[in-house]
Each structure stands twice: as structure tokens, then as C-alpha cells.
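For reference, the structure discussed in these notes is given below.
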Amino acid sequence: EMAKVQESLVDITMEASAGGGAVKVVANCQQELGWIHIDPAAADPDDPTLLEDLVLTAVNDVLRNARERAAQEMEKVTGGMKIPGF
Numbered sequence: 388e389m390a391k392v393q394e395s396l397v398d399i400t401m402e403a404s405a406g407g408g409a410v411k412v413v414a415n416c417q418q419e420l421g422w423i424h425i426d427p428a429a430a431d432p433d434d435p436t437l438l439e440d441l442v443l444t445a446v447n448d449v450l451r452n453a454r455e456r457a458a459q460e461m462e463k464v465t466g467g468m469k470i471p472g473f
């Protein structure tokens with residue numbers, strides 16, 4: 388049962404954004420990035436670190452959300468028991 392849930396995590400996707408949607412990121416619940424969209428208007432040649440920060444924020448948010456969702460899915464089959472590695 389746990390193996391089935393773990394396999395299904397690849398099909399559950401999460402999305403996060405930063406900068407009011409200037410950067411959008413999608414990842415599955417196995418923490419694999421699916422795509423990143425960057426609005427060209429977000430790329431300010433005078434402030435490249437702003438875009439870097441937006442990308443990092445969105446990626447970290449989507450990966451955190453994916454981890455949390457994966458944990459919720461696993462809790463459904465473990466009854467809330469914490470099992471290392473899952």
C-alpha cells in the first residue's frame with residue numbers, strides 16, 4: 388500500500404509563485420520540478436538579484452508544499468506513524 392502511494396506521488400503536482408506571479412514553478416510530490424515560468428517583465432537588467440530571489444522563493448515554496456503533501460498522503464496509509472525514509 389505504501390509503495391503504491393509513493394509511486395502515485397509523481398502524479399500529484401503542486402504550484403507556487405513569487406513576485407505576484409512573475410515566477411511560477413510546478414513540481415510533483417516526489418520533489419521533481421516540472422516547469423518554471425518567468426514573466427519576461429520580471430527580468431530587470433539593473434537588478435538581476437531580484438529575479439534570482441523570486442526564482443529561489445518559488446522553488447523553495449513548491450518543494451516545501453510538495454514535501455508536506457507527500458507526508459499527508461503517506462499518513463493516510465501509515466495512520467500518522469512517522470516512518471523514516473517515507
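Read in order, the letters of the sequence shown are residues 388 to 473 in the numbering used here.
Backbone N, C-alpha and C define an ideal beta-carbon position, used for all residues, glycine too.
Would you call residue i buried or exposed, if buried means 16 or more other Cβ atoms sit within 10 Å of its Cβ?
i	result
Met389	exposed
Ala458	exposed
Leu441	buried
Ala428	exposed
Leu438	buried
Return the CA-CA distance between residue i and residue j, expressed in angstroms with no decimal places.
i	j	result
Asp398	Ser404	20 Å
Ala430	Gly406	11 Å
Glu394	Asp426	33 Å
Gln417	Asp433	36 Å
Asn447	Leu396	18 Å
So residue i and residue j are supposed to be a Cβ contact under 8 Å. How far apart are they, rounded?
i	j	result
Thr400	Ala414	7 Å
Glu402	Val412	7 Å
Val392	Glu460	5 Å
Got a sec, what are the start and stop residues for the beta strand (DSSP E) residue i sits in?
i	result
Leu420	420-425
Val413	410-415
Glu402	400-405
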